[in-house]
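*Asks:*
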Amino acid sequence: MLGELLVAVMLAAVQNSLDSGRQALQAGDLSRAEQLFRQYLSENPNSAEALSNLGAICARREQFSEAVAFYERALKADPKLAPVHFNMAIALGQLKAYDKAAEHLRTFLQSYPKEARARQLLGLALMETGDLRGALAELEKSYQLNPKDGSILYALAQANARAGDADRAAELLRQSQTNPAQGKLIEGLIEYRRGRFAEAKTLFQEVLRLNPDAVPAITALGRLELLDHNDAEAIRLLQRALQLNPSDAESTYQLGVLYDRNGRPAEGVKMLRRAIGLRANYPDPHYQLGRIALDREDLRTALAELEEARRMLPNQEAIRLALGRTYQALGRDAEAKAEFAEVRRLKAAVTERDRQRVESDLLMKP
Amino acid sequence: MTARSLVLAAAWSAAVYGQGMASRGVKPAARQKASGKPWPSQLTNIAKQAGLTETIVYGAESHVQYLAETSSGGVALFDYDGDGWLDIFIVGGTRFDGAPPEATNRLYRNNRDGTFTDVTDKAGLRRTGWGQGVAVGDYNNDGRLDLFVTYWGDNALYRNNGDGTFTDVAAQAGLIPKPAPEYPTWYSGATFVDYDRDGHLDLFVATYTDYDLRRTPKPGANPNCNWKGVPTPCGPRGLRPGRQYLYHNRGDGTFEDVSEKSGIAGARSSFGFTAVAADFDDDGWQDILLACDSTPTLFFHNNHDGTFTEDGIERGLALNADGMEQAGMGLAIGDFNGDGILDIFKTHFADDTQGLYQGLGKGQYNDVAMKAGLAVETRYIAWGIGMPDLDNDGWPDIFYVTGNVYPDTERDLPAYPYRMPPMLFRNLGAGKFEPLAGEAGPALLERHSARGVAFGDIDNDGDIDMVVWNRNEPPSLLRNDLKSAHHWLQVRLTGTKSNRAAIGSAVTVQFAGRKQVQVVLSQSSFTSASDLRLHFGLGDAKSAELVVRWPTGAREKFAVPGVDRVLSLVEGSGTAVP
């Protein structure tokens, strides 16, 4: 009798840990949620829900490789859990594994064919894989399902612009003028990502005329000035962005880069370390710290920082190259060779992806 | 879900499209105070008075639709008739809307009086097509210099018949791929190289892209067809990189395609331009370096067994320090710091620094362009390049030509004009350079859309002159008028065990406690060929010693009987003969 009661109490406690984990996750207490889900998992090692939630926690921490591992275990436990396919796709997208992300989104859409966001993401994934025709079809469907969603509208506009249908792209962008500042900000970001920096700069300046405290526009302008080597102006803008939002990791990081290259190395390193503290799993400052250390022939620090950066962003050729050089300097030739081979593979993949995109574009033409 | 998805949507829409050419947005570094040292060399364009008046036709003069109309530039300085005076070969082009009569390659014979005569037709070299680059060598070891000319289309091997004429023997020599490639191949760089040390010149041929107009979008069609927001011809990003070729010389006038078994064909992801062959790691075997546009530069290391390993990344040559590919155009090989180790200079697109790769030994390199003071100029698109010692002070200077790819973008982008000036950097010694402009002569102030440049002593007066390929203009002939008491030495090499033109030989001259190494190159600059004679400035030194490393790997010392003269070095003779 006592034994049965004890078991019942224990079961309740375990069940409670699942519920409490959900509550902690909703409240944003990731550490507590993780602890509770792990506790539940110790008793229920095949719990798809616990595994899925642990994946979600990793994703929120931007630990996407770890998130994918949890999601894989969750799907092994219950392959029919459609939302896990969606979350898996998001994590894979962050890791730039767009082919696999598209597969999971298609699986998800079999259960939820009217989920506009999933169709949008599938469209974006297909764009990244060079399937412009497929991307346009999915984005059009997504737009039909939710024509008021700004991000869907912009994605569709961008895809039409890529396909050479500038009229359709412009028509879509015109529909979005409900919030001029936000519209111009997104237009600016699109131009920035296309490498049309002058146009992007004009748009960000217009955003600031409408809203002088728009941090994303200040940060983006600062980044443009940084790229343009107008370092003094870049520093001014990024310092302003940090005044408005002291926890802005990106501005902190960019200021670190600027300080270092403007003869303020100690302040630069300090800002880079602060950026790491502000955002978990932020590879860029680790890379910069590694590069700085490599230049100073502080190989031990370089190795630690660059290996950390590689763990977070394994497909970034600059990181792999710097790490290869560090291994080379340390006489660790086999590891250096492996890094350089990876750089070569990544570079070739970029060239091939560009080519496939152009060929995909051409196939669209009558 | 919504917030996360929105973030992701933004992340995924961050297209990785690049601009047509790799460009880093680098502004010029601050200029140091000028040294104030007098500069004794004056460069003057004497093309018109020398008779070089024919326009080099290449693509449309405006409204260019395709990249193929913009990138050519082969020019060679070589002595085709063996009279001891440099002649000029210029690669020509055509136009999509019909070639004008002047569209052809050209051969100008040196009249030995400062003028030239167009002997194109007499020599049998008239050909209208999308010519690209040129390599010089003596592939059949008959003592007469032959030409290999690349095309978007079938390449030409012009055998020198020894009577002032040439015959295209590419097909019978086995240099036209069979079966024909699926898409027309845009060949670019090429270099003769004796990679197996058998005394016969083999041939490396680079490809820029498999280029089919039916599969090439029009200007502005996608982000690869824009430059700074202005529609431009598409590419190279988004185009299909071609394969590289290596042909083994059988010694009977024919070649075998060994691209696959040598490992050369394995590197398929770069857009090749200028090819240079030299023994970069000083192991006695010829390696091949290929400047590549917007993709990693390729370095093919000779494995001594007929195969190559591509290891440009390992050697610090493929990418910049940030891991970014650059728009590699031209290559110069020299020894800027006088340490007896080969250094490399590579030209790039606008908004980027040029690359000065200091040889560290054993084929390892480090880009020191910034430290050397060469990053003070990033406005221009740089092409043909050399390290000529223009003032004969014993320190190789740097000269490169520039020009915009796109004739029409200057309307929207006035900071990037179509015609641009050449750049000259004087070597100050101690690894430092300073830019010179008008003080080095009126030619430095002229603007053209130039591509290739070839270096050599055209008037045999003991200093280096140049000929420049200008798009849709006549070429420039830059005469160097040097007023200096500095001494010099030129050496002409003849192989006996090695290939007869001695292509690939490295000559180290030691003088006044210093040394300098140069290589006999079949191609360099931008898909061009400079004089096979090597020119050394000696400063105030009146004596010197020469060491030749022949392409067979053997080293040979030569005593120098005197300076300010051309010396003939025959392999195995041990004696330098005026």
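Going line by line, the protein sequences match chains C and H. Adding 979 to a residue's 1-based position in the first sequence gives its number in this note's numbering. Adding 11 to a residue's 1-based position in the second sequence gives its number in this note's numbering. Yeah, the Cβ is synthetic: ideal placement off N, Cα and C, and Gly gets one too. As the structure is a computational prediction, the values presented were derived from the model and not from experiment.
1. Does the stretch 491–498 of chain H touch the stretch 170–184 of chain H, meaning 3 or more C-beta pairs lie closer than 8 Å?
2. Tell me, which residues are paired with asparagine 438 of chain H by DSSP?
3. Using 10 angstroms around the beta-carbon of glutamine 1295 of chain C, count the other beta-carbons present and answer buried if the total reaches 16, otherwise exposed.
4. Could you tell me the distance, in whole angstroms, from the CA atom of arginine 1098 of chain C to the CA atom of leucine 1105 of chain C?
5. Find the residues of chain C that neighbour isoleucine 324 of chain H, judging by a C-beta separation of less than 8 Å, and give them in chain order.
6. Between the alpha carbons of phenylalanine 177 of chain H and valine 520 of chain H, how many angstroms are there, rounded?
7. Determine the closest residue to proline 433 of chain H out of H:Ile469, H:Ile392, H:Phe444, H:Leu439, with distance taken between C-alpha atoms.
8. For aspartate 363 of chain H, go through chain C and note every residue whose CB falls closer than 9 Å to its CB, in chain order.
9. By how many angstroms is the C-alpha of proline 1244 of chain C removed from the C-alpha of leucine 17 of chain H?
10. Between the Cα of arginine 1275 of chain C and those of C:Met1291, C:Thr1305, C:Ala1297, spot the shortest distance and give me the residue it belongs to.
11. Answer yes or no: does any C-beta atom of chain H fall closer than 9 Å to that of lysine 1120 of chain C?
12. Could you check the C-alpha separation between arginine 1112 of chain C and valine 1047 of chain C for me, to the nearest Å?
13. Pull up the DSSP beta-bridge partners for cysteine 236 of chain H, would you.
14. Between the stretch 1195–1215 of chain C and chain H, which residues of the former have CB atoms less than 9 Å from a CB of the latter, in chain order?
15. Just to confirm, is the Cβ distance from leucine 1216 of chain C to glycine 1201 of chain C under 9 Å?
16. Pair every Cβ in the stretch 431–445 of chain H with every Cβ in the stretch 56–64 of chain H, then say whether three or more of these pairs are closer than 8 Å.
17. Closer than 9 Å, CB to CB, is methionine 434 of chain H near chain C or not?
18. Relative to the C-alpha of alanine 1053 of chain C, which candidate in C:Asn1032, C:Thr1086, C:Val1194 has its C-alpha closest?
19. When you compare each of H:Pro244, H:Leu158, H:Pro446 to glutamate 80 of chain H by their alpha carbons, which one comes out closest?
20. In chain H, which residues lie less than 7 Å from arginine 1334 of chain C when you measure between Cβ atoms?
21. Which whole-angstrom value is the C-beta distance of serine 199 of chain H and threonine 161 of chain H, which I expect to be below 8 Å?
22. Thinking alanine 289 of chain H and leucine 532 of chain H are a contact (beta carbons under 8 Å), I'd like their distance in whole angstroms, please.
23. Measuring only the C-alpha atoms, how far is serine 73 of chain H from tryptophan 197 of chain H?
24. Please check if any C-beta of chain H sits within less than 9 Å of the C-beta of threonine 1330 of chain C.
25. At least one CB of chain H closer than 9 Å to the CB of phenylalanine 1176 of chain C: is that the case?
26. For leucine 330 of chain H, go through chain C and note every residue whose CB falls closer than 9 Å to its CB, in chain order.
27. Asparagine 995 of chain C: buried (16+ other C-beta within 10 angstroms of its C-beta) or exposed?
28. Give the straight-line distance between the Cα atoms of aspartate 98 of chain H and alanine 454 of chain H, rounded to the nearest whole angstrom.
29. When you compare each of H:Gln375, H:Lys443, H:Ala552 to lysine 44 of chain H by their alpha carbons, which one comes out closest?
30. Where aspartate 129 of chain H and alanine 465 of chain H are concerned, what is the direct C-alpha to C-alpha distance, given to the nearest angstrom?
31. For asparagine 1066 of chain C, collect the residues of the same chain with a Cβ closer than 8 Å to its Cβ; drop the 5 residues on either side in sequence, then sort them by chain order.
32. Which runs of the beta strand (DSSP E), 3 residues or longer, sit entirely within the stretch 136–216 of chain H?
33. What is the residue span of the alpha helix (DSSP H) that glutamine 1014 of chain C lies within?
34. Can you find a C-beta in chain H that's less than 9 Å from the C-beta of valine 1248 of chain C?
35. Alpha carbon to alpha carbon, how far is glycine 583 of chain H from arginine 1334 of chain C?
36. Excluding the 5 residues flanking leucine 1234 of chain C on each side, which residues of the same chain have their C-beta closer than 6 Å to its C-beta?
*Replies:* Let me spell this out:
1. no
2. H:Phe444
3. With a threshold of 16 other beta carbon atoms within 10 Å, glutamine 1295 of chain C meets it and is buried.
4. 10 Å
5. Leu1300, Gly1303, Phe1319, Val1322, Arg1323
6. 35 Å
7. From the listed residues H:Ile469, H:Ile392, H:Phe444, H:Leu439, the smallest Cα separation to proline 433 of chain H is found for H:Ile392.
8. Within 9 Å Cβ-Cβ: nothing; aspartate 363 of chain H doesn't reach chain C, min ~12 Å.
9. Because leucine 17 of chain H sits at a pLDDT of 24, beneath the cut-off of 50, its placement in the model cannot be relied upon, and the point is left open.
10. C:Thr1305
11. no
12. 28 Å
13. DSSP output for cysteine 236 of chain H lists no bridge partner at all.
14. Leu1206, Asp1207, His1208, Asn1209
15. yes
16. no
17. no
18. C:Asn1032
19. H:Pro244
20. Under the 7 Å cutoff, chain H gives Gly249, Leu250, Arg251.
21. 6 Å
22. 7 Å
23. Distance between the alpha carbons of serine 73 of chain H and tryptophan 197 of chain H: 22 Å.
24. Yes, because at least one Cβ of chain H sits closer than 9 Å to the Cβ of threonine 1330 of chain C.
25. yes
26. Glu1296, Ala1297, Leu1300, Val1322, Lys1326
27. exposed
28. 21 Å
29. H:Lys443
30. 18 Å
31. Ser1031, Gly1034, Ala1035, Ala1038, Ala1046, Tyr1050
32. Fully enclosed beta strand (DSSP E) runs of 3 or longer: 142–148, 157–162, 167–171, 177–179, 196–204.
33. Note, glutamine 1014 of chain C: alpha helix (DSSP H), 1009–1022.
34. Chain H has no Cβ within less than 9 Å of the Cβ of valine 1248 of chain C.
35. 52 Å
36. Leu1217, Met1250
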